[in-house]
Amino acid sequence: MYYLFDGTYLGFLCCVFESFERKEFPITPLVHTDYQIALFAETRTIVTDNRKALRVQKGLQKRVGNVEAMDFYRAFLSEDRKAWLASFFILHQIFNGRADIRQHYGNDQVLYFSQILKKVSRERHRMKAFIRFSKSSDGLYFALVEPDFNVLPLISDFFRKRYADMPWLIYDMKRKYGLLSDMRQVGEVHLSLKEVQGAAAPSIAIALDERDELFQHLWKHYYTSTNIEARKNMKLHLQHVPRRYWKYLVEKK
Amino acid sequence: MLRIEEKLKILADAAKYDVSCSSSGSTRKNKGGVGDASASGICHTYTEDGRCVSLLKILLTNHCIYDCAFCVSRKSNDVKRAAFTVEEVVDLTMNFYRRNYIEGLFLSSGIFKDADFTMERMLRIVKKLRQEERYNGYIHLKTIPGASEELIKEAGLYVDRMSINLELPTEAGLKLVAPEKDHESVKKPLAFVKDQIASFKEEKKLIKHTPIFVPAGQSTQMVIGATPENDFEIMQVAHDFYKNYKLKRVYYSGYIPINNSNSLLPQIGSAPPLVRENRLYQTDWLLRFYGFQLDEILNPQHIHLDLDIDPKLSWALRNPHFFPVDVNTADFNAIIRIPGIGRQSALKIVQARKFGRLHIYQLQKMGIAYNRAKYFLQCVDTPFILGSPSMEHVRHAILSAGTRHNQRKVVAGQLTLF
Chain A
246 MYYLFDGTYL GFLCCVFESF ERKEFPITPL VHTDYQIALF AETRTIVTDN RKALRVQKGL
306 QKRVGNVEAM DFYRAFLSED RKAWLASFFI LHQIFNGRAD IRQHYGNDQV LYFSQILKKV
366 SRERHRMKAF IRFSKSSDGL YFALVEPDFN VLPLISDFFR KRYADMPWLI YDMKRKYGLL
426 SDMRQVGEVH LSLKEVQGAA APSIAIALDE RDELFQHLWK HYYTSTNIEA RKNMKLHLQH
486 VPRRYWKYLV EKK
Chain B
850 MLRIEEKLKI LADAAKYDVS CSSSGSTRKN KGGVGDASAS GICHTYTEDG RCVSLLKILL
910 TNHCIYDCAF CVSRKSNDVK RAAFTVEEVV DLTMNFYRRN YIEGLFLSSG IFKDADFTME
970 RMLRIVKKLR QEERYNGYIH LKTIPGASEE LIKEAGLYVD RMSINLELPT EAGLKLVAPE
1030 KDHESVKKPL AFVKDQIASF KEEKKLIKHT PIFVPAGQST QMVIGATPEN DFEIMQVAHD
1090 FYKNYKLKRV YYSGYIPINN SNSLLPQIGS APPLVRENRL YQTDWLLRFY GFQLDEILNP
1150 QHIHLDLDID PKLSWALRNP HFFPVDVNTA DFNAIIRIPG IGRQSALKIV QARKFGRLHI
1210 YQLQKMGIAY NRAKYFLQCV DTPFILGSPS MEHVRHAILS AGTRHNQRKV VAGQLTLF
């Protein structure tokens, strides 16, 4: 049985709620836009109801604590259907009284869940590291990214605390939304196609701060100077900085 | 005046032999300015040598009154000299930091005039960053040996980590290549900062708003392979420094030849001892995180680490009576001693076995290096073997099944016919 939901985490939690309410298990959660996958299968459309989602979240927090409850949100952001399935399996176990099921690493689903969590967390960490801001002439620090997973919600707090005294924008080119901070709060923004293209080629469309190019240039110089040629190890280098990130890295462009 | 670009090139190049680039362990929060510390540290990029770039690592100047043979900035070396102004360092740091290029500043310096003069200038940079720029990011500051305790103490209030390099592992080695220096001048400030950290911590228990003092602790660095110390001597020194000065890290830096003027040092063209350096770090980890005692790995009978295999495997091969370890019953501390199983996997094993005894396929999926570990562990479906295989056989089997890198070594030991 496929449950079709709206693609939000609240919707996902509602699937959990409905599956218990209707005693339907196993079910496969699916975003309704991916409906064609389930074209010939039995489906149920789940309407997102914040109160139901909240009940699941509260119940989960009561059973496993806030930190572990958060893990399911992280795994959800992987946008990986197999991870959603594993989440579903684990959530069912937890609500059936096996709160310690997460330690059952001999089980495929549990192991997969822990592996995907690790991947999401690695990607989140990479975004903290690899985001490169450019400064525009009106003082906005902006950065473009294409993370493997939808990790922007997971780094919002980090950047808010760190760059509290400057306005900044981090835009996910793949998922077409960004985080914008005006020094008071961080909000989600959607740019028009023209604005995005402008940000992708900032030297043409966005007026850069007059010293921005200088610092990009100095950074590249520093990057080359700090390398020790006698220790060259490209395999290790690529392992740490995979090619897909180079596009937005000043020093690798 | 030199252009900023050229200065950066010279002073980054001169600073790069300092290995430490960690930005972890600090608790500094953003207090109405810019920047904070990330407890786990962040590597913002990696150079082509595979080393992490976390901090803007520069010398204030490469002018130096000393003439240490292993150092690129020594007085007699014919290199271009440069010096940053206080404003230049602050400007670079702030602009790199705001663009998220770096996690903070690593500031070292050649000694110009005298220790206090140099330390005072470095302190000015640090204070300007903290007070005028309201910068709360990471700062790693080199303590200048011989600087006054007042200056060191004041610096400690503004920085996250301090370090002084031992340079050579032993006093005798140091005397060979840097006769003007001694280990005592390193030990004294290390001890002073250690005591200060301790007393600030004591004070914090009584008064809540005690300022933080060097929250990420101290570290040091030794050059490996420049002088003839063996691995046992090196690790003994490291061990003593961890113990006596409560260091967060000891770094081992494979010597990279930079000149041919001193016949005692390896000459230009000889490869840096990268594998040996790696083995020393592995040993360091075994001592700090795996519950090994130094004499289990290195002792007067084994003064060199095996370059072909890692030190844990090497220990295991010398101690067959410890194995096989049954992963379904043994405790955590025994499981982490199995070659091919790290702390993370061991933790998974201990948690997972509560749900039923573990099989080979489960261990493999959990991510242990099963091909290495299989000779040393037992689980439900481990095939029964009469008698135990000789450790010489195990060593050979692991080496020939290993990476191509290892295979070459095995083959190299055999005869070639043609």
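Chains A and B supply the protein sequences, listed in that same order. Numbering of the first sequence is given in our numbering, commencing with residue 246 and proceeding in unit increments. Numbering of the second sequence is given in our numbering, commencing with residue 850 and proceeding in unit increments. Beta carbons are placed, not taken as given, at the ideal position from N, Cα and C, and that holds for glycine.
Contact check for H989 (chain B) and S1012 (chain B): beta-carbon distance about 7 Å, within the 8 Å limit, so the pair qualifies. Under the Cβ distance rule, L1114 (chain B) does not count among the residues neighbouring chain A, no pair being separated by less than 8 Å.
Counting only residues of its own chain and dropping the five nearest sequence neighbours on each side, N1220 (chain B) has a CB closer than 7 Å to the CB of A1250. Here K1054 (chain B) carries a helix assignment [DSSP, helix/strand/coil]. Excluding sequence positions up to five before and after N949 (chain B), its CB lies within less than 8 Å of the CB of H893, all in the same chain and listed in chain order.
When A:L397, A:K406, A:M411 are compared, the shortest CA-CA separation from K419 (chain A) is found for A:L397.
DSSP, reduced to helix, strand and coil, places K380 (chain A) within a strand of the structure shown. Counting of Cβ neighbours within 10 angstroms places R852 (chain B) among the exposed residues, the total staying below 16. Scanning the segment 953-1022 of chain B from its first residue to its last, the whole alpha helix (DSSP H) runs of 4-plus residues come out as 964-976, 998-1005. For L258 (chain A), the closest of A:I335, A:F375, A:H482, A:K480 by C-alpha to C-alpha distance is A:I335. The beta-carbon separation of E855 (chain B) and A931 (chain B), rounded to 7 Å, stays under the 8 Å limit for a contact. Collapsing the DSSP output to three states places N1127 (chain B) in a helix.
In this structure, A1201 (chain B) and G351 (chain A) form a Cβ contact; the two beta carbons are roughly 5 Å apart against a cut-off of 8 Å.
DSSP lists B:H1151 as the bridge partner or partners of N1148 (chain B).
Interface criterion met: the Cβ of H482 (chain A) is under 8 Å from a Cβ in chain B. Cβ-Cβ separation between G953 (chain B) and Y1007 (chain B): approximately 12 Å, too far for a contact (criterion under 8 Å). Interface residue (Cβ-Cβ distance to chain A less than 8 Å): E897 (chain B) is classified as such. Shortest Cα-Cα distance from L1135 (chain B) to any of B:E897, B:I1117, B:W1164 involves B:W1164. Under the 8 Å Cβ criterion, the segment 1194-1213 of chain B counts as touching the segment 337-349 of chain A, having at least three qualifying pairs. When secondary structure is reduced to three states using DSSP, D316 (chain A) falls in the helix class.
Counting other Cβ atoms within 10 Å of its Cβ, E1126 (chain B) reaches 16 or more and is therefore classed as buried.
Ranked by Cα distance from V1086 (chain B), the options B:E1029, B:P1115, B:D1044, B:K1036 are led by B:K1036. Excluding the 5 residues flanking it on each side, I1152 (chain B) has same chain C-beta neighbours closer than 8 Å at N1079, D1080, F1081, E1082, in chain order.
Cα atoms of A298 (chain A) and S264 (chain A): separation of roughly 12 Å, rounded to the nearest angstrom. Between the alpha carbons of R326 (chain A) and F333 (chain A) lies a gap of roughly 10 Å.
Those residues of the segment 454-481 of chain A placed with their C-beta closer than 9 Å to a C-beta in chain B are R456, D457, L459, F460, Q461, H462, L463, W464, H466, Y467, Y468, T469, S470, T471, N472, I473, E474, A475, R476, K477, N478, M479, K480, L481, ordered along the chain. Contacts between H485 (chain A) and chain B, judged by CB atoms closer than 8 Å, involve C892, Y895, G899, C901 in chain order. Under the three-state reduction of DSSP output, S426 (chain A) falls in the strand class. Nearest to K924 (chain B) by C-alpha distance, out of B:H1088, B:S1102, B:H1170, B:A1027, is B:A1027. DSSP lists B:L956 as the bridge partner or partners of I907 (chain B). What Q348 (chain A) touches in chain B, judged by beta-carbon distance under 7 Å, is Q1200, A1201, K1203, going in chain order.
Interface flag for G304 (chain A) against chain B is unset, since no Cβ pair is found closer than 8 Å. Ranked by Cα distance from T1059 (chain B), the options B:E981, B:A1047, B:R1167 are led by B:A1047. Neighbours of K406 (chain A) across chain B, judged by C-beta separation under 7 Å: N879, D885. Bridge pairing for R289 (chain A): A:Y248 [DSSP]. According to the DSSP secondary-structure assignment, S1068 (chain B) is paired through a beta bridge with B:S1012, B:R1098.
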